[in-house]
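Data first, discussion second: the structure below is written as structure tokens.
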Amino acid sequence: MSGLLRRLVRLWGQSRIRLPRRPPGLEDLLPGDRLQVGSRLWRVQGRLLLESGGWMIRLEAEGDVPAEREARLVQDAGDWVLLEGGLRHPLPPDGLLLFPTPPEGSFDKPEATA
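The end of the sequence shown is residue 816 by the working numbering, with every number in the run present.
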């Protein structure tokens, strides 16, 4: 294999190109998960089925945020809308980045057995 081809293969393996993915759905959002909306990070607190047939997700801001601490994320006909401070912010399909909570015990170290 030529040196140039080896370098290209190595660079391709190191690339940070993100392939298109589907936006998070309701089944993906569980209490404790974190959501990044724009530059802000939110923690999912719970969800509620609305009479209109849509869903509302209750969010709490992560970290030291001087603005509103709570917001609502509403799913209406497949689109997400962020309700914060009395304002509606429609989100683009790729506007949500989900960081799921790791399963219970996934970071536990195995006990040493004698």
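Built from N, CA and C at the ideal position, the CB exists for glycine as well. Here the structure is a predicted model, which means the values were calculated and not measured.
Neighbour-count burial assignment, residue i, 16 or more Cβ in a 10 Å radius
i: Q777; result: buried
i: W714; result: exposed
i: V746; result: buried
Minimum C-alpha distance to residue i - residue among the options
i: P726; options: P792, H791, D781, G787; result: D781
i: A779; options: M758, D766, G787; result: M758
i: P794; options: V783, P804, G787, G788; result: V783
i: S741; options: A763, L728, G788, G748; result: A763
Rounded straight-line distance, which links the Cα of residue j to that of residue i
i: G797; j: G755; result: 22 angstroms
i: A816; j: L732; result: Only weak support is given to the placement of A816: the predicted model assigns it a pLDDT of 45, under 50, and the value that follows is read from those uncertain coordinates. So the alpha carbons of these two residues sit roughly 39 angstroms apart.
i: D766; j: R790; result: 23 angstroms
i: L775; j: P792; result: 10 angstroms
i: P805; j: L751; result: 25 angstroms
i: E753; j: D730; result: 21 angstroms
i: V711; j: G788; result: 50 angstroms
i: L743; j: L761; result: 10 angstroms
Close beta carbons around residue i, own chain, < 6 angstroms, minus the five adjacent residues each side
i: V738; result: The sequence given here has Gln at residue 738, not Val. Closer than 6 angstroms at the Cβ level, and outside the excluded window around Q738, lie L799.
Neighbourhood of residue i by C-beta, 7 angstroms cutoff - its chain only, sequence neighbours within 5 removed
i: L785; result: A773, R774, V776
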